[in-house]
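To start, the structure itself, in structure tokens.
Protein chains in written order, with our numbering: chain A, 10 to 361; chain B, 1345 to 1934.
Given below as structure tokens:
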């Protein structure tokens, strides 16, 4: 039996997320610390520029002799203009740091100097408790709440109050429906179809947009947007899957964190929206690798029923001929409006 | 990890052989055994590859596939503990030998370093095209950048692998060693756990000094010089080494290979190399002046392997696939170049949405007719882009008869699910004809079960099995193709033919320019085809207007007379494009 992919649309689960620096740096959070989505938990510098300095040449001494004039050890931080080596001779020749930075490596009359790079700050991304740390690299944060996973994100992350902007999962968000009440919120819409809608949302501005779909032609504009944008179902005109829409609708007015990170199938990270909730009863970590069984809820991810949610009614043993002529292992899925339909196993996603 | 080479002694011809290929989306396993003195494919099946989250362990998918295969062939392959029964038991269960191929493609960021852009950098770039790597940076002394800039370029690229070429064999080494200092410094600046591997494929005389210079910063591997002299490029030896380095890097990221490697005594064949092995073998086996081409369209990469006698050229394009990189096709062509292959009226937006959705959901299959045409249109364009980039570098034995077209080929093997699982064989044939545009007379063969990488892995342990399976029904012919080069006005006679069946029956006719005609000839049958092109068309039988009589073999489609002309020119208007595609699909029986 093939194992279909899986999407979590869960009203109350334990969400545990590793937040990592892109390069080694400093972790500022502490174990068991309570954090808010916007809290700083680590920092590093990106892509520092390097200088290869021929110290021996500048000092006018043989390479082997130059090493005795080095003023710093590898790893030492220095400021702009600090003397890195020297002085030598009656001219008191010296080599100065071209900018602020640190000495990386030195020897045989040469020195590699690393300028301070572009600062990068790592935020918590979601409110919770720090439950794990990896020195210089990452923090693991845990929270309890609702989780809605998406399939595409524009790479940004934001937190804000959740607001519904369309009455149903298949309604297109119109520019006229965007008003001041949506300002600084995370907006939920069935689907988006026009670039002016993204512009209107940017003008408000909103913190984020969670939609079922949008045309792929809007990808460049979505990537340029200064708010987080995630799609739950894909590209085109398909509705938001009803499971996600209903769960989001039932949490209107709550604080939510939208992490519109790109999908990474290897690591299992995908765009997602987390709504922290007070822990009532018990919550579990979402199950992974769930097998399809009769009665399980699935989302259809490809035409002709893309975006529809139904339940598995039966699992035929034989391969079935599809309208395309292909033979494929199929599931019989019961949909609310269409009734019983046959869908290739490869074209469903288990909702958990 | 090691690969058995063709020079390794083969102790005995094992009987049953289990071949496993771990692909990007699917893991394929096949069982071969001797039936009536011939090796045959007893069964083949696939299971989803379990390399990605949440499994992160390819052995799950392998076990699943092997277990299913056991049910299909009615033989237990795994014991009670789930281990492969190796060798086979007296009761017939288990297998005698296992081979493992690895076709899974993941993002292997690679930096290329050369001395001169027009020599060593060009050769190392050609080398990189033969393995599933993503080139993240290229640097050479010819860039006239400062050493600091080179350092920063390498660091920003964050490579998994740095491939360095430079220096002719026995030539000067000073400039090369200076460049290597910068490379070594850049690697030193990475944290220990992110340091890239280094593959040196330059002047062999300084290999030991390179190892010595870089030994403190990371793993250094050495392959044969890709540019032994200014006039000669030689990437064959380093291609094997590069593919192994890539697999080794992926192994460090993917768990679950240890157990299957214990079945094969550590032998593992990179999938693309396996396809290349088979094509090289066929290139040597087929007599005549034509070459052999295998074209595989996969979820991880598009692979082209071409052999013209003793040489084999391999092109592996992880940026061209029917998986998570489907959208990247738009980096190489305009959307209209995909749309033109559609026999249905879809908007540019629908086609673009399809590409993006396919990248999100690479395992999905087209359920509707429109989506099937879309997938096949993308396959055509993937082939066109891949072959357009690769074919200028093929090492031919003689000049191309038609400079703008592919050299004469016999046969052309098509592989990959989109071809092998096409609902009608005519669809697979038309994808190959449109994607590759072969000219002259050739045969299209389908790798119906995705066996090429598996047989490539098996070639080193059981060449007899490979030879016998290659000539079996596991590789059905789609048919002989007669596709003259040239153009004429639509509706003019392009060629006249007489097909004489073995039964004595004869069929005569003519094919009009711009159309395709299929003459029925079932698999396994032969016939004599007398063909006479008009003076505007050239079949490669002595020049334009020259015909001849040839023996043709049957296939799933038949004898395909493709008189659309070469180069193939499509109408420019959308409506006419669509009608042309509809007609050609009808004419080829798709």
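All C-beta atoms, glycine included, are put in the ideal place defined by N, C-alpha and C.
- Message: Which residues of the region 69-81 of chain A have a Cβ closer than 7 Å to any Cβ of chain B? Give them in chain order.
- Response: Within the region 69-81 of chain A, no residue qualifies.
- Message: On a Cα-Cα basis, can you pick out the residue from A:209, A:167, A:270 and A:329 that is closest to residue 190 of chain A?
- Response: Considering only A:209, A:167, A:270 and A:329, the residue with the shortest C-alpha distance to residue 190 of chain A is A:209.
- Going by Cα to Cα distance, which pick from B:1437, B:1618, B:1718 and B:1887 is closest to residue 1702 of chain B? When C-alpha distances from residue 1702 of chain B are compared across B:1437, B:1618, B:1718 and B:1887, the shortest belongs to B:1718.
- Task: Assign residue 1574 of chain B to one of two classes, buried (16 or more other C-beta atoms within 10 Å of its C-beta) or exposed (fewer than that).
- Result: In the assembly as shown, residue 1574 of chain B is an exposed residue. Its beta-carbon has fewer than 16 other beta-carbons within 10 Å.
- Message: Less than 9 Å between the beta carbons of residue 1809 of chain B and residue 1376 of chain B, yes or no?
- Response: Yes.
- Task: Determine whether the Cβ of residue 1835 of chain B lies closer than 9 Å to any Cβ atom of chain A.
- Result: Chain A contact via Cβ: absent.
- What residue does the alpha helix (DSSP H) around residue 1628 of chain B start on, and which one ends it? Boundaries of the alpha helix (DSSP H) around residue 1628 of chain B: 1615-1629.
- Message: Whole angstroms are fine: how far does the CA of residue 240 of chain A sit from the CA of residue 260 of chain A?
- Response: Cα to Cα, the separation comes out at about 18 Å.
- Task: Could you check if residue 1610 of chain B is buried or exposed, using at least 16 other CB atoms within 10 Å of its CB as the buried criterion?
- Result: Exposed: under 16 other Cβ atoms inside 10 Å.
- Task: State the start and end residues of the unbroken beta strand (DSSP E) segment that holds residue 1548 of chain B.
- Result: Boundaries for residue 1548 of chain B: no beta strand (DSSP E) harbours it, and the DSSP string shows neither H nor E there.
- Item | Status (buried if at least 16 other CB within 10 Å, exposed otherwise) for residue 1585 of chain B | Buried, by the Cβ-count rule.
- Message: Pairs of beta-carbons, one from the region 95-115 of chain A and one from the region 152-159 of chain A, closer than 8 Å: are there three or more?
- Response: The answer is no - the region 152-159 of chain A does not touch the region 95-115 of chain A, with fewer than three Cβ pairs under 8 Å.
- Task: List the residues of chain B whose Cβ lies closer than 9 Å to the Cβ of residue 275 of chain A, in chain order.
- Result: Counting only Cβ-Cβ distances below 9 Å, residue 275 of chain A has contacts in chain B at 1395, 1396, 1397, 1400, 1450, 1451, 1597 and 1598, in chain order.
- Item | Extent of the continuous alpha helix (DSSP H) to which residue 1525 of chain B belongs | For residue 1525 of chain B, the enclosing alpha helix (DSSP H) covers residues 1518-1533.
- Whole alpha helix (DSSP H) elements within the region 1794-1825 of chain B, 4-residue minimum: If we require 4 residues or more, the alpha helix (DSSP H) runs fully inside the region 1794-1825 of chain B come out as 1796-1802 and 1807-1814.
- Kindly indicate if chain B contains any beta-carbon less than 9 Å away from that of residue 266 of chain A. It does not: the Cβ of residue 266 of chain A has no partner Cβ on chain B nearer than 9 Å.
- Considering residue 121 of chain A, what are the terminal residues of the beta strand (DSSP E) in which it resides? Note, residue 121 of chain A: beta strand (DSSP E), 119-124.
- For residue 1353 of chain B, which three-state DSSP category applies? Residue placement at residue 1353 of chain B cannot be trusted, given a pLDDT of 42 that sits under 50; the coordinates are not used to answer.
- Query: The alpha helix (DSSP H) spanning residue 1694 of chain B covers which residue range?
  - Reply: From DSSP, the alpha helix (DSSP H) with residue 1694 of chain B extends over 1692-1704.
- Query: Thinking just about the alpha-carbon of each residue, which of B:1883, B:1616 and B:1490 is nearest to the one in residue 1446 of chain B?
  - Reply: Residue 1446 of chain B has its Cα closest to that of B:1616, out of B:1883, B:1616 and B:1490.
- Message: Which residues of the region 1873-1896 of chain B have a Cβ closer than 9 Å to any Cβ of chain A? Give them in chain order.
- Response: So nothing in the stretch comes that close.
- Query: Can you list, in chain order, the residues of the region 1704-1722 of chain B whose Cβ is nearer than 8 Å to any Cβ on chain A?
  - Reply: Result list: 1704, 1705, 1707, 1708, 1709, 1710, 1711, 1712, 1713, 1714, 1715 and 1716.
- Item | Beta-ladder partner(s) of residue 59 of chain A, from DSSP | Per DSSP, A:123.
- Contacting positions in the region 224-236 of chain A - beta carbon closer than 8 Å to chain B: Correct list: 224, 225, 226 and 228.
- In three-state terms, what does DSSP make of residue 1452 of chain B? Coil.
- Message: Since residue 280 of chain A and residue 1712 of chain B should fall inside the 8 Å C-beta cutoff, what is the C-beta to C-beta distance between them, to a whole number of angstroms?
- Response: The pair is not a contact, with the Cβ atoms about 27 Å apart (cut-off 8 Å).
- Message: In whole angstroms, give me the CA-to-CA distance for residue 155 of chain A and residue 266 of chain A.
- Response: For residue 155 of chain A and residue 266 of chain A, the distance between alpha carbons rounds to 11 Å.
- Query: DSSP three-state call for residue 1925 of chain B: helix, strand or coil?
  - Reply: Here residue 1925 of chain B sits in helix by DSSP.
- Task: Whole angstroms is fine: what's the gap from residue 206 of chain A's alpha carbon to residue 183 of chain A's?
- Result: Cα-Cα distance, rounded: 6 Å.
- Coarse secondary structure for residue 433 of chain A, derived from DSSP in three states: Since the displayed chain A opens at 10 and closes at 361, residue 433 of chain A lies outside it and no answer follows.
- Task: Assign residue 1515 of chain B to buried or exposed, taking buried as 16 or more other Cβ atoms, counted over all protein chains shown, within 10 Å of its Cβ.
- Result: Around the Cβ of residue 1515 of chain B, a 10 Å sphere holds 16 or more other Cβ atoms; the residue is buried.
- Message: Strictly under 9 Å for the Cβ-Cβ distance: is residue 1668 of chain B near chain A by that measure?
- Response: Put simply, the CB of residue 1668 of chain B is near chain A, with a gap under 9 Å to one of its CB atoms.
- Message: Please report the distance separating the alpha-carbon of residue 1354 of chain B from that of residue 1804 of chain B.
- Response: Confidence at residue 1354 of chain B is low in this model, with a pLDDT of 43, below 50, so the placement of that residue is unreliable and no value is reported for it.
- Closer than 9 Å, Cβ to Cβ, to anything on chain A: give me those residues from the region 1648-1668 of chain B, in chain order. Here the close residues are 1668.
- Which of the three DSSP states, helix, strand or coil, is assigned to residue 1870 of chain B? Residue state, collapsed to three classes: strand.
- Task: Pull up the CB-CB distance for residue 1790 of chain B and residue 1763 of chain B, whole angstroms please, since I reckon it's below 8 Å.
- Result: Indeed they touch by this definition, with Cβ atoms about 6 Å apart.
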